[in-house]
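A.B. asks: Shown below is the structure under consideration.
In my numbering, the protein residues as written are -5 to 376.
Below you can see the structure in the form of structure tokens.
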């Protein structure tokens, strides 16, 4: 029987982040470290590590405003914390990692912004501002991450990039650069398994198969069918819908629909590496319909459908690993083991992002940069 490959340091670290978010809704980078999401491995502009107290917004309105104002200037930096196996991707390394590949990213508006950040890091800016015409102007040498706007506004150089399930409206991007050898694409998903969404990805990948695919399973359409109807007012789009009919079958559908999409991608790109981008923390209104444990339910729906299992290691099952280091944020062991049955590797967004969202849904772009760093580490491990 073929012996299973032993996970490397980065794979264990990545699994630990994903599983702690999925199982505990916490960020647990090691056995002796547990923080609220959006806290661990983050550093303030002063280079001091972010602590729980630095995220506490219950000490008055002015204090809370100062914390939120600081968030876009923080940096997520596992390398500074001594995380083994994690590699920082600067401009040159990012371009080299993506060069010659066809990379496909699919998901909702939170992942559209991930696509924008990924494209920016890879050297293909999708915004039309003049500042993005020259690489040195938006990612100066020595700067940790590129300049980004506060919000994408849901649009890029090709126009609006939004979706509408009822009107079968969808955003599709397919950008070629480096002489056509490198291609980077995005598909806006609302339910993932509708015939027109599946037809589009099958057609889009028929001419050249994808090498790497990142899929985020869409969830908001199952809560709010009007969420992507931009003919409605902002207030109408945020109105809770189908409150009386939301039930277990809706939650189960999130995972099964996503699996249908991934199966379609795999049929067109059988050799592609496929990654799951996990959910980000949900806004409070989702609990009105889904209950206080709605995030756990959604994690379970998606992970079960995709054959992803997180197992907390028993005390006698813990084996000492290479220490993360003695610097803040470090740890010396791992508390979760991750297994997959469908060759889909999950990547955390929950533990990384936490409350670092500009409107309680969309992560700030420095949090998107952190997600992209994880994506690149999986694509091009050290």
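In this text, a Cβ means the ideal position worked out from N, Cα and C, and glycines have one as well.
Source: prediction; values computed, not measured.
Is the beta carbon of residue 276 sitting closer than 7 Å to the one on residue 304?
C.D. replies: No, these two residues do not count as a Cβ contact at 7 Å.
A.B. asks: Near residue 37, what residues of its chain come up, given a Cβ to Cβ distance below 7 Å and the 5 sequence neighbours on each side ignored?
C.D. replies: Only 43, 44, 68, 69, 71 and 74 meet the Cβ criterion.
A.B. asks: So residue 179 is in the alpha helix (DSSP H); what residue range does that whole segment cover?
C.D. replies: First-last for residue 179: 176 to 182, but that is the beta strand (DSSP E), not the alpha helix (DSSP H).
A.B. asks: To the nearest angstrom, report how far apart residue 156 and residue 334 are at their CA atoms.
C.D. replies: Cα-Cα distance, rounded: 32 Å.
A.B. asks: What are the uninterrupted segments assigned as alpha helix (DSSP H) that are 4 or more residues long and contained completely in the stretch 186 to 221, given in chain order?
C.D. replies: Counting whole runs of 4 or more residues, the stretch 186 to 221 contains the alpha helix (DSSP H) stretches 189 to 198 and 214 to 217.
A.B. asks: Would you mind reading off the limits of the alpha helix (DSSP H) that contains residue 21?
C.D. replies: First-last for residue 21: 21 to 24, but that is the beta strand (DSSP E), not the alpha helix (DSSP H).
A.B. asks: Residue 151 to residue 201, Cα distance in whole Å?
C.D. replies: If you take the alpha carbons of residue 151 and residue 201, they lie about 24 Å apart.
A.B. asks: Output the boundary residues of the alpha helix (DSSP H) element that contains residue 17.
C.D. replies: 3 to 18 is the extent of the alpha helix (DSSP H) around residue 17.
A.B. asks: How far does the beta strand (DSSP E) with residue 378 in it reach, from first residue to last?
C.D. replies: Lying before the first or after the last residue shown, residue 378 is absent from the chain, which here runs from -5 to 376.
A.B. asks: For my contact list, residue 183 and residue 101 are in at a C-beta cut-off of 8 Å; report their separation, rounded to the angstrom.
C.D. replies: Residue 183 to residue 101, Cβ: 6 Å. Contact.
A.B. asks: Is it buried or exposed, residue 65, if we count other Cβ atoms within 10 angstroms and call 16 or more buried?
C.D. replies: Counting Cβ neighbours within 10 Å, residue 65 comes out buried, since at least 16 surround it.
A.B. asks: Between 204, 148, 282 and 28, which has its C-alpha nearest residue 96's C-alpha?
C.D. replies: Ranking the options by Cα distance to residue 96, first place goes to 204.
A.B. asks: When we look at the beta-carbon of residue 39 and count the other beta-carbons within 10 Å, is it buried (16 or more) or exposed?
C.D. replies: By the neighbour-count rule (16 or more Cβ atoms within 10 Å), residue 39 is not buried but exposed.
A.B. asks: Whole angstroms are fine: how far does the CA of residue 87 sit from the CA of residue 117?
C.D. replies: Roughly 11 Å separates the two Cα atoms.
A.B. asks: How about residue 34 and residue 370: are their beta carbons less than 7 Å apart?
C.D. replies: Contact flag unset, no.
A.B. asks: Pick out whichever of 17, 57, 355 and 10 has its Cα sitting closest to the Cα of residue 292.
C.D. replies: If we check each option's Cα against that of residue 292, 17 comes out closest.
A.B. asks: Is it the case that the stretch 360 to 369 contacts the stretch 109 to 116, given that we only count it when at least three CB pairs across the two stretches are under 8 Å?
C.D. replies: Contact holds: three or more Cβ-Cβ distances are below 8 Å.
A.B. asks: Grab me the residues of residue 348's own chain with a C-beta within less than 8 Å of its C-beta, minus the 5 sequence neighbours each way, in chain order.
C.D. replies: 21, 30, 31, 32, 33, 49 and 275.
A.B. asks: From residue 133 to residue 119, what does the alpha carbon distance come to, in whole angstroms?
C.D. replies: Taking the straight line from one Cα to the other gives about 11 Å.
A.B. asks: Put residue 362 into one of helix, strand or coil per three-state DSSP.
C.D. replies: Looking at residue 362 - three-state DSSP - the assignment turns out to be helix.
A.B. asks: Between the Cα of residue 166 and the Cα atoms of 98, 302 and 285, which residue gives the shortest distance?
C.D. replies: Residue 98 is the option with its Cα nearest to residue 166.
A.B. asks: Identify, in the order they occur along the chain, each residue of the same chain with its Cβ nearer than 7 Å to the Cβ of residue 14, setting aside the five sequence neighbours on each side.
C.D. replies: Around residue 14: 20, 21, 22, 330 and 345.
A.B. asks: Can you grab the Cα-Cα spacing for the pair residue 158 / residue 164, in whole Å?
C.D. replies: Taking the straight line joining both Cα atoms gives about 6 Å.
A.B. asks: Among 84, 138 and 148, whose alpha-carbon lies nearest the alpha-carbon of residue 105?
C.D. replies: Closest by alpha carbon: 148.
A.B. asks: Could you have a look at residue 103 and say whether DSSP puts it in helix, strand or coil?
C.D. replies: Helix at residue 103.
A.B. asks: Which residue wins for smallest C-alpha separation from residue 93, given the options 174, 80, 160 and 251?
C.D. replies: That would be 174, whose Cα lies nearest to the Cα of residue 93.
A.B. asks: Thinking C-alpha only, which one of 161, 191 and 169 is nearest residue 212?
C.D. replies: Closest option to residue 212, Cα to Cα, is 191.
A.B. asks: Quick check on residue 301: does DSSP put it in helix, strand or coil?
C.D. replies: If DSSP states are grouped into helix, strand and coil, residue 301 belongs with coil.
A.B. asks: Over the uninterrupted beta strand (DSSP E) stretch that includes residue 167, give me the two end residues.
C.D. replies: Run containing residue 167: 166 to 171, per the beta strand (DSSP E) assignment.
A.B. asks: Would you report the Cα separation of residue 391 and residue 198, rounded to the nearest angstrom?
C.D. replies: Residue 391 cannot be examined here, being either before or after the span of the chain that is shown, -5 to 376.
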